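Line by line, the protein sequences give chains U and D. Residue 40 in numbering that gives the first Met the number 0 sits at position 41 of the first sequence, and the numbers go up by one each step. Residue 449 in numbering that gives the first Met the number 0 sits at position 450 of the second sequence, and the numbers go up by one each step.
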Amino acid sequence: MKKSDLVSSSFWLTFSFLVAGESYRLGLGNFRGPGPGFLPFVASLVLGVLSLLLMVQAIHRKGEEKEVQEAWSQRGNWEKIVYTLAALLLYLFLLEKLGFLFCTFLLVIFLLRVVETQRWPVVIATAFSATLFCYILFQLWLKIQLPSGILGIYP
Amino acid sequence: MEVLSGVLYGFSVALQPLNLLYCFFGVLIGTLVGVLPGFGPAAAIALLLPSTFHVSPVAATIMLAGIYYGAMYGGSTTSILVNIPGEAASVVTCLDGYKMARQGRAGPALGIAAFASFIAGTFSIVALTFLSPVLANLALRFGPPEYFSLIVLGLTILAYLAGGSMVKALMMAALGIILSSIGMDIISGSYRFTYGFLVLSDGLGLIPVVMGFFGLAEVFSNLEEKLGREILEQKIKGLLPTCQDWKDAWGAITRGSLLGFFLGILPGGGAIIASFTSYAVEKKLSKHPEKFGSGVIEGVAGPEAANNAAAGGAFIPLLTLGIPANPVMAILLGGLMINGLQPGPLLIKQAPDVFWGVIASMYLGNAMLLILNLPLIGIWVKVLRVPYHILFPLIILFCLVSSYSLNNNMGDVTIMVFFGVAGYLIKKFGYEGAPLILALVLGPMLEEALRQSLIISHGSFAVFFESPISAGLLVLALSLLILPWITHRRPALPSEA
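As structure tokens, this is what we get:
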């Protein structure tokens, strides 16, 4: 846990400095009339102090490295996460341009074929039924306006 | 008498066909969510919240509550048959439940889990029925300083009981409070940390954050780990426990119910902690502690009773104080507020149909769950066979569409994906999501209580120690913070809601 704790505590320490600075800019007010920056400032101080504490704890700790190394070495499947995330970002970018039906269909195909390696019949069948199911549930039943995009066929 | 007429009124609400239907939907979905590993009640309730916008607040709350306590039933099925907890509160059920199943006693294990859940669930609802009006009355006397101290205590208890490092849990609580201050400041009217993003002007939405943390982040973790599961191929027979089983389990169920209920009420407590504590207590009290872990029925009955009792108990702080005890209750609170209701001591007067209707529906829901989980167990075993590669695109899809449907814009979807990635990384580095979520909800209440208190007292912090209730709560919180440093130990529990 030592190395990962050092990394994460440095991150939070930096983050707390930024928040403290921004909170100060918002105006701390005084104890009689606390301003909008008061609570975030206090919370960022707490976060900063605790990050320091965690950092000190990590530096003084020896051994027990094994457990965590195991957690980090299970990274056999990290490509899957990267692929999924990339697909999601692309989905976010294209959803309003290409429309819900088109994007969703492609997303499910990608997830099943590239992230998992399913056979094409399974992929197409699942993508088709999942898209249709969501469309019926959200658009038709719950009356949520999903982006129609280029396939502007539905009302 | 007031309670009795309240309960009767509640049943008249809960028995209306539509509400009854929503109660059934709730417990059905709850059982499903409980059975499916890698998908818990918090994510499920967040995902389904948008779909309740067009029904009455009573029906919506009845359904969402049903998902929560229904998941407690379903979770045990997966633990016993597959040795993977369907949700976190059933982790300990694996220890003895799966061993029982390996010995060919899957039937009695599932049976006692369902009966223990029913008994404890019903007990906690009865206690909820009688205790909450009293507490609501008491809470009417709470002013801003008392609320402030109570919220501080709640966050401290959560950090104290959280799995892993307490420092990290407190850090997540602090981060949650920082995140909760995003958006317009109610008192001064100025915008904080929005940086021109329109979607942040109303504050960071709880629902997309929860979907990210407990939905998408879970998918990422599962994709990485590859869930291997082996379903026990055996005929499940003899679901009704024998007289000997009952004799062995009875004490555990009683203790589990009481323990679970009181741990459930605690702000920051909840079903997960209750189930672990019950297992530890049973092991300690047992005449044969060495047999725990080899398939003893007490090891299933106690924790299963405890997690159900806790699920009932957790409604008390929400309904009477307006303070959620755990992330699931936090989402329910969000749901009530979207429907224009303010949970708290006034709820019982302002919306008696919600207050009593939900309580009464829980009696009915528990009875439905017993039927769903005993005679129909075969269906759930089939559900367990749905492969994860079919399940995860659906979970992702639901997270995307549900978060879009909140406000019909891409902002919430972006927040959901962001917190999905952040949640995955945070867990990877050994932090927990629950304190962050709870602090995110409690943050605005904490800030309002703090600033009002200071305005009342003209800037003197003594106001928090002048009332005995507030002082008592703060002293308790402080001692929980200091205690682990002195004794170098605190109950270590595995993580996640």
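The C-beta atom is built at its ideal place from N, Cα and C for all residues, glycine as well. All values reported here derive from a predicted model rather than from experimental measurement.
In the pairwise beta carbon analysis, the stretch 244-262 of chain D is classified as touching the stretch 114-125 of chain D: at least three pairs are separated by under 8 Å.
If you draw a straight line from the Cα of Asn325 of chain D to the Cα of Met444 of chain D, it is about 15 Å long. Within the same chain, Cβ atoms closer than 7 Å to the Cβ of Ala88 of chain D are found at Met71, Gly74, Ala270, Ile271, Ser274 and Asn306, the five residues on either side in sequence being excluded.
Going by DSSP, His59 of chain U is part of the alpha helix (DSSP H) stretching over Phe37 to His59.
Distance from the CA of Leu35 of chain D to the CA of Val218 of chain D, rounded to the nearest whole angstrom, comes to 13 Å. Nearest CB-CB separation between Thr413 of chain D and chain U: below the 8 Å threshold.
Remark: C-beta atoms of Pro207 of chain D and Met415 of chain D approach each other more closely than 8 Å.
Between Gly458 of chain D and Asn29 of chain U, the gap from beta carbon to beta carbon is short of 8 Å. Here Tyr8 of chain D has Trp355 as same chain residues with Cβ atoms under 6 Å from its own Cβ, once five neighbours each way along the sequence are excluded. DSSP places Arg191 of chain D in the strand class (E or B) of the three-state scheme. Only buried fits Asp4 of chain U, as 16 or more other CB atoms lie within 10 angstroms of its CB. Taken in chain order, the complete alpha helix (DSSP H) segments of 4 or more residues contained in the stretch 317-373 of chain D are 326-337, 346-349 and 351-372. Contacts with chain D at 8 Å (Cβ-Cβ) include Pro35 of chain U.
The beta carbon of Asn407 of chain D falls within 8 Å of a beta carbon belonging to chain U, placing the residue at that interface.
Here Glu465 of chain D is exposed, its C-beta having fewer than 16 other C-beta atoms within 10 Å. Minimum Cα-Cα distance from Leu46 of chain U among the listed residues D:Leu169, D:Gly364, D:Ala135 and D:Ser50 corresponds to D:Leu169. The contact set of Ile80 of chain U on chain D, defined by CB atoms closer than 8 Å, consists of Phe219, Leu222, Glu223 and Tyr423 in chain order. Along the stretch 443-457 of chain D, the positions whose C-beta sits under 8 Å from a C-beta of chain U are Leu445, Glu446, Leu449, Arg450, Leu453, Ile454 and His457, read in chain order. Beta-bridge annotation (DSSP): Met183 of chain D is paired with D:Tyr190. Note on geometry: alpha-carbon atoms of Leu203 of chain D and Leu94 of chain U lie some 22 Å from one another. For the stretch 241-270 of chain D, the set of residues with a beta-carbon nearer than 7 Å to any beta-carbon of chain U is empty.
Every alpha helix (DSSP H) of 4 residues or more that sits fully in the stretch 399-437 of chain D is shown, in chain order, as 409-427.
In this chain, the alpha helix (DSSP H) harbouring Arg101 of chain D covers Val90 to Arg101.
Neighbours of Val45 of chain U in chain D, taken as residues whose beta carbon is under 7 Å from its own, are Ala173 in chain order. For the 8 Å CB-CB criterion, Phe291 of chain D and Glu21 of chain U do not form a contact. Chain-order list of chain D residues neighbouring Arg31 of chain U: Leu453, Ile454, His457 and Gly458, by C-beta distance under 8 Å. Put simply, the stretch 312-322 of chain D touches the stretch 259-268 of chain D. At least three CB pairs are less than 8 Å apart. In the same chain as Gly432 of chain D, and ignoring 5 residues on each side of it, the C-beta atoms closer than 8 Å to its own belong to Met171, Phe212, Phe213, Ala216, Pro326, Gly422, Ile425, Lys426, Glu495 and Ala496, in chain order.
The C-beta of Arg191 of chain D comes closer than 8 Å to at least one C-beta of chain U. For the pair Pro344 of chain D and Ala135 of chain D, the CB atoms are nearer than the 8 Å cut-off. Residues of the stretch 127-138 of chain U whose Cβ lies closer than 7 Å to any Cβ of chain D, in chain order: Ala129, Cys133 and Phe137. A straight line joining the alpha-carbon of Leu91 of chain U with that of Asn406 of chain D spans about 15 Å. Residue nearest to Asn76 of chain U within the set D:Val26, D:Glu224 and D:Leu137 is D:Glu224 (criterion: CA-CA distance). In the same chain as Leu178 of chain D, and ignoring 5 residues on each side of it, the C-beta atoms closer than 7 Å to its own belong to Leu203 and Leu439, in chain order. Apart from sequence neighbours up to five positions away, the residues of its chain that approach Gly237 of chain D with a beta-carbon distance below 7 Å are Gly106 and Pro107, ordered along the chain. Going by DSSP, Val295 of chain D is part of no alpha helix (DSSP H) at all; its letter is neither H nor E.
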